[in-house]
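Undergrad: Have a look at this one before I ask anything.
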Amino acid sequence: MASFLVLTVAWMLAACAAVPMDADASSHSMFTCEPITLRMCQGLPYNSTFMPNVLNHYDQQTAALAMEPFHPMVNLQCSQELRMFLCALYAPVCTEYGRVTLPCRRLCLQARSDCYRLMDMFGVSWPHEMDCDRSVAQRSPGAVQRDYGFWCPRELKMDPDLGYSFMGVRDCSPPCPNMYFGREELALARYFIGVVSIVCLSATLFTFLTFLIDVSRFRYPERPIIFYAVCYMMVSLAFFLGFLLDDRVACNAAAPGRFRAATVTQGSHNKACTLLFMVLYFFTMAGSVWWVILTVTWFLAAVPKWGSEAIEKKALLFHACAWGLPGALTVTLLAMNKIEGDGVSGVCFVGLYDLTALRWFLLAPLGLDVVVGVALLLAGILALNRVRMEIPLEKENQEKLVKFMIRIGVFSVLYLVPLLTVLACLLYESSHRQAWDATWVQERCKEYHIPCPYQFGGPVSRPDLVLFLVKYLMMLIVGIPSVFWVGSKKTCFEWAGFFHGKRRKEYVQCHSNKESVLLLREPSGPVVRKSCGTSTQGTSTHASSTHLAMLDQPASGSTSRAGSMRSGPSKSSGSSYHGSLHRNRDDRWVVWSPWGPP
20 MASFLVLTVA WMLAACAAVP MDADASSHSM FTCEPITLRM CQGLPYNSTF MPNVLNHYDQ
80 QTAALAMEPF HPMVNLQCSQ ELRMFLCALY APVCTEYGRV TLPCRRLCLQ ARSDCYRLMD
140 MFGVSWPHEM DCDRSVAQRS PGAVQRDYGF WCPRELKMDP DLGYSFMGVR DCSPPCPNMY
200 FGREELALAR YFIGVVSIVC LSATLFTFLT FLIDVSRFRY PERPIIFYAV CYMMVSLAFF
260 LGFLLDDRVA CNAAAPGRFR AATVTQGSHN KACTLLFMVL YFFTMAGSVW WVILTVTWFL
320 AAVPKWGSEA IEKKALLFHA CAWGLPGALT VTLLAMNKIE GDGVSGVCFV GLYDLTALRW
380 FLLAPLGLDV VVGVALLLAG ILALNRVRME IPLEKENQEK LVKFMIRIGV FSVLYLVPLL
440 TVLACLLYES SHRQAWDATW VQERCKEYHI PCPYQFGGPV SRPDLVLFLV KYLMMLIVGI
500 PSVFWVGSKK TCFEWAGFFH GKRRKEYVQC HSNKESVLLL REPSGPVVRK SCGTSTQGTS
560 THASSTHLAM LDQPASGSTS RAGSMRSGPS KSSGSSYHGS LHRNRDDRWV VWSPWGPP
């Protein structure tokens, strides 16, 4: 657990260093014709320009600063061609989108030749970017096609200082509800997610309520399953609220008067979106950590053979890790303003459009949890199998141990398969997102009046709705396996007793029998406890760490292989199956499992 905590903290520090707080500040905001504001270029045959220019100045203020050294030469009129040449470079005429009209080579050579001596006098050198052999047409003015990258359309522009970013452009947000799918596809996805969230919410709520009926029934090492169920109950509740709220939280409303379309909510300015994000992300990460803790408790019970009370003493550490680490990640994302609305599900999450946040705050922590959990799980199963092979048990108890191992394996598979599927979907999104964005720009550039990609040669790539449906399905059903762990006849009896206002008769009889055993035992004899509680079945024992090695004394007085009862608290024998072999009244060896019988 300590090594896992150290790895997580180190990863968080690396993530904070890798994820930028803001988008690239040099990105231009809109591809539109704008009036010329440069003082040197007033009174020309044209009065509108656009940015960036040929010299990659993204606004006229930057271009004006770059032109300052040439003002003395223009004022002294060293050449009649210099002013026209400079304005053609720094403030090109605004014509067709994505095309720049360049001055001819003769004009460049004439201006440089006429002003060469004066430039040398003022200490001004001819910039390399203005080289007549590189930057302009050879004979006559012409149009040169350039790739300007993504320019934020006017309809998607956001107010500055809100932290919005889209495809590396500041103060810009993706269209909402979704830039890839139509209304009919989104309606199908929304209802699908709503139905699955109801199913998961019902299953996890049933698990939690079963725990509340008899809290003492679920002890360590299995109690993390309850907290795991609570986490995914909150996750399914968040998705269900997203289904009910439709686009009201994930999207900013359109403002036709300001020429703004509906856009994706970003940042922490929307309180409802922020709350949904906090619930969804925090409990998603916490559920994953609780599964790791579950494998830790299994490992402690199987390898060093800790008893239930010994494991329970570490509960404070378990809770600190399970709630503290996801809380730290959530606060970090809030501080970095990485919240994004999800137009498909109606919730707010992270990594939907920001690939860096996706890799560091979703793929990395979930992948780390899978690696640690699987390693501990395999170690525990191998230890149980070694116990099964080494300890001479009767056939009935051998079968019980095998069934229990199968049960652990099935439960783990029911968790790992959905989680690995989610990771695969996220990896696929991460690797294809840029291609999807490029295709979207190519198809919508004329509609939004932005520069189209020059010589778009990449394959047309669009996401498949099935990919997103599978991702959301696996994010939700990962909480359903908890109901299979608590499902048993005992659970049915407990619910029946709860609805009838009384506990079942067998439960009362069990406690009466235990008291009878304590009264009839010999004063010097060991205390044999037969508990009524079990994790999932009606007949088992809950042994504490002080009674795991307890056996009936053989007639010869010798100590059995499973160990003997000591006068004080002691750990179980190293060769026992959790130190939990004891002999019942008909002189047979019986296996005690800290997780209940299989």
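Counting from 1 along the sequence shown, just add 19 to a position and that's the residue number in this note's numbering.
We put the beta carbon where it would ideally sit given N, CA and C, even for glycine.
Computed from a predicted model, the values in this text were never measured in an experiment.
(1) Helix, strand or coil: which one does DSSP assign to VAL112?
(2) Roughly how many angstroms separate the alpha carbons of VAL436 and MET70, rounded to a whole number?
(3) Can you tell me the Cα-Cα spacing of ASN399 and MET186, whole angstroms?
(4) Hey, ASN72 and PRO111: beta-carbon distance below 9 Å or not?
(5) Helix, strand or coil: which one does DSSP assign to VAL497?
(6) In the structure shown, what three-state DSSP assignment does THR81 receive?
(7) Pull up the distance between the alpha-carbon of CYS106 and that of GLY142, whole angstroms please.
(8) Among VAL497, LEU63, ALA383, which has the Cα closest to the Cα of VAL432?
(9) Tell me whether GLN99 is buried or exposed, calling it buried when 16 or more other Cβ atoms sit within 10 Å of its Cβ.
(10) Is it a yes or a no for the region 251 to 260 touching the region 144 to 154, going by three-plus beta-carbon pairs under 8 Å?
(11) Could you give the first and the last residue of the continuous alpha helix (DSSP H) run that contains ALA281?
(12) According to the neighbour-count rule (16 or more other Cβ atoms, all chains shown, within 10 Å of its Cβ), is VAL283 buried or exposed?
(13) If you run the structure through DSSP and keep just helix, strand and coil, what is GLY516?
(14) With 9 Å as the threshold, decide whether the Cβ of GLU513 is near any Cβ in chain C.
(15) Could you compute how far the alpha carbon of ARG236 sits from the alpha carbon of PHE230?
(16) Let me confirm a value: LEU396 is counted as buried when at least 16 other C-beta atoms fall within 10 Å, else exposed. Which label applies?
(17) ARG125 lies in the alpha helix (DSSP H); which residues open and close that run?
(18) In the DSSP assignment, find the unbroken alpha helix (DSSP H) run with PRO146 in it and report its ends.
(19) What residue range is occupied by the uninterrupted alpha helix (DSSP H) comprising VAL249?
(20) Does the region 207 to 215 come close enough to the region 483 to 493 that 3 or more CB-CB pairs lie under 8 Å?
(21) Alpha carbon to alpha carbon, what distance is there between TYR109 and PHE200?
(22) Taking 6 Å as the limit between beta carbons, can you name the residues of its chain near TYR251, skipping five residues before and five after?
(23) Can you tell me which of HIS76, LEU353, TRP325, PRO196 puts its alpha carbon nearest to the alpha carbon of ALA280?
(24) Under the three-state reduction of DSSP, which class applies to ASN271: helix, strand or coil?
(25) Between which two residues does the alpha helix (DSSP H) holding SER480 run?
(26) Where VAL188 and MET297 are concerned, what is the direct C-alpha to C-alpha distance, given to the nearest angstrom?
(27) Is the Cβ-Cβ distance between PRO243 and ALA341 less than 9 Å?
(28) From ARG463 to ASP139, what distance separates their C-alpha atoms?
(29) Could you spell out the range, first to last residue, of the alpha helix (DSSP H) harbouring GLU328?
(30) Is there contact between the region 421 to 432 and the region 350 to 369, where contact requires at least three CB pairs shorter than 8 Å?
(31) Would the region 176 to 183 count as touching the region 283 to 294 if we require 3 or more Cβ pairs under 8 Å?
(32) Using 8 Å for Cβ pairs, my map puts PHE225 next to ILE245. What's the rounded Cβ distance?
(33) How many angstroms separate the CA atom of GLY213 from the CA atom of ARG173?
(34) Between which two residues does the alpha helix (DSSP H) holding THR226 run?
(35) For VAL311, count neighbouring C-beta atoms within 10 Å of its own C-beta (all shown protein chains included) and say buried if the count is 16 or more, exposed if not.
(36) Going by DSSP in three states, PHE185 sits in which element: helix, strand or coil?
TA: Short version:
(1) strand
(2) 50 Å
(3) At residue 399 the sequence reads Gly, which differs from the Asn that was named. Each residue's CA atom was taken as its position, placing GLY399 and MET186 some 46 Å apart.
(4) For ASN72 and PRO111, yes; Cβs fall inside 9 Å.
(5) coil
(6) helix
(7) 21 Å
(8) Nearest C-alpha to VAL432: VAL497.
(9) Exposed, by the Cβ-count rule.
(10) no
(11) Where ALA281 is concerned, there is no enclosing alpha helix (DSSP H), given that its DSSP letter is neither H nor E.
(12) buried
(13) helix
(14) In the structure shown, chain C cannot be found, because there is only a single protein chain.
(15) If I take the Cα positions, the gap works out to 8 Å.
(16) Classification for LEU396: buried.
(17) 124 to 133
(18) Element bounds for PRO146: n/a, residue is neither H nor E.
(19) For VAL249, the enclosing alpha helix (DSSP H) stretches over residues 243 to 264.
(20) yes
(21) 40 Å
(22) THR223, GLY306, GLY498
(23) Closest in C-alpha terms to ALA280, from the list HIS76, LEU353, TRP325, PRO196, comes PRO196.
(24) Strand.
(25) From DSSP, SER480 is part of no alpha helix (DSSP H); its letter is neither H nor E.
(26) 26 Å
(27) yes
(28) 49 Å
(29) 327 to 331
(30) no
(31) yes
(32) Taking C-beta atoms under 8 Å as the contact rule, PHE225 and ILE245 fail to qualify, at a distance of about 12 Å.
(33) Their backbone Cα atoms lie some 34 Å apart in a straight line.
(34) 202 to 232
(35) buried
(36) strand
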